[in-house]
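See below for the structure under consideration.
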Amino acid sequence: MDTNLISWSDFEQVDLRVGTILEVEDFPKARKPAFQLIIDFGAEIGILKSSAQITVHYSKEVLIGRQVVAVVNFPKKQIANFMSECLVTGFEDENGDIILTSVERKVPNGSKLK
1 MDTNLISWSD FEQVDLRVGT ILEVEDFPKA RKPAFQLIID FGAEIGILKS SAQITVHYSK
61 EVLIGRQVVA VVNFPKKQIA NFMSECLVTG FEDENGDIIL TSVERKVPNG SKLK
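Read in the UniProt record's numbering, the sequence shown has 87 at position 87, and its numbers run on one by one without any break.
Given below as structure tokens:
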């Protein structure tokens with residue numbers, strides 16, 4: 001195995017939560033094709049913004065109302081003229097395009113990966 005091993009306490013520091021995409025906008029100022037997402041993570045965390053390079057497999061219409069898994073405890077990151085507040089997770093397909101990480105069934109916004 002080539003992966004660096006981490007401790008359980010290292011893993012516990014990554015705050016992975018489920019949120020529902022409320023709004024999706026084109027992001028023409030991004031270097032690579034991307035959308036700007038507004039995501040509801042429930043009452044505890046609230047509404048966060050993210051930039052996601054997911055334009056190959058997803059349209060804006062398909063994304064609205066979809067639940068995604070995101071890291072919510074990274075520092076904010078400036079991307080062009082946009083401040084990304086969380087990292088939406090996904091996996092690369094055979095062409096390097098992102099397939100979103102999702103939950104099998106709907107869960108409450110803000111649910112934490114256990």
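Glycine is no exception: its CB is placed at the ideal position from the N, C-alpha and C atoms. Nothing here was measured: the structure is a model prediction, and the numbers come from that model.
(1) In the structure shown, what three-state DSSP assignment does Ser59 receive?
(2) Just to confirm, are Tyr14 and Val71 a CB contact at a threshold of 9 Å?
(3) Please classify Glu94: does DSSP put it in a helix, a strand, or coil?
(4) Could you compute how far the alpha carbon of Gly42 sits from the alpha carbon of Lys49?
(5) For the putative contact between Asp97 and Val56, defined by C-beta atoms under 8 Å, what is the C-beta separation to the nearest angstrom?
(6) Between which two residues does the beta strand (DSSP E) holding Gly19 run?
(7) Three-state secondary structure (DSSP) at Ala43?
(8) Assign Phe74 to one of three DSSP states: helix, strand, or coil.
(9) Count the other C-beta atoms from every protein chain shown that fall within 10 angstroms of the C-beta of Ile54, then say buried if there are 16 or more, exposed otherwise.
(10) Kindly indicate which three-state DSSP category Ser9 falls into: helix, strand or coil?
(11) Quick check: Ala30 and Phe74, are their CB atoms within less than 9 Å of each other?
On the basis of the data shown:
(1) On the sequence shown, residue 59 is found 59 positions in, with the first residue counted as 1. Correct three-state label for Ser59: coil.
(2) Here residue 14 corresponds to residue number 14 of the sequence shown, with the count starting at 1. Here residue 71 corresponds to residue number 71 of the sequence shown, with the count starting at 1. First, the residue type needs correcting, since residue 14 is Val and not Tyr in the sequence shown. Yes.
(3) Sequence index remark: in the sequence shown, residue 94 carries index 94 (1-based). Of the three classes helix, strand and coil, the one that applies to Glu94 here is coil, per DSSP.
(4) As a working note, residue 42 is residue 42 in the sequence shown. As a working note, residue 49 is residue 49 in the sequence shown. Using only the alpha carbons, I get a separation of about 13 Å.
(5) As a working note, residue 97 is residue 97 in the sequence shown. As a working note, residue 56 is residue 56 in the sequence shown. The pair is a contact, with the Cβ atoms about 4 Å apart (cut-off 8 Å).
(6) Taking the sequence shown and counting its residues from 1, the one referred to as residue 19 is at position 19. Counting along the chain, the unbroken beta strand (DSSP E) around Gly19 starts and ends at 16-26.
(7) Position 43 of the sequence shown, counted from the first residue, corresponds to residue 43. Ala43: helix per DSSP, three-state reduction.
(8) By 1-based counting over the sequence shown, the position of residue 74 is 74. Coil at Phe74, not helix or strand.
(9) Stepping through the sequence shown from its first residue, residue 54 is reached at position 54. Buried: at least 16 other Cβ atoms inside 10 Å.
(10) What you label residue 9 is simply residue 9 of the sequence shown in a count that begins at 1. Here Ser9 sits in helix by DSSP.
(11) In the sequence shown, counting from the first residue as 1, residue 30 sits at position 30. In the sequence shown, counting from the first residue as 1, residue 74 sits at position 74. Cβ atoms of Ala30 and Phe74: not closer than 9 Å.
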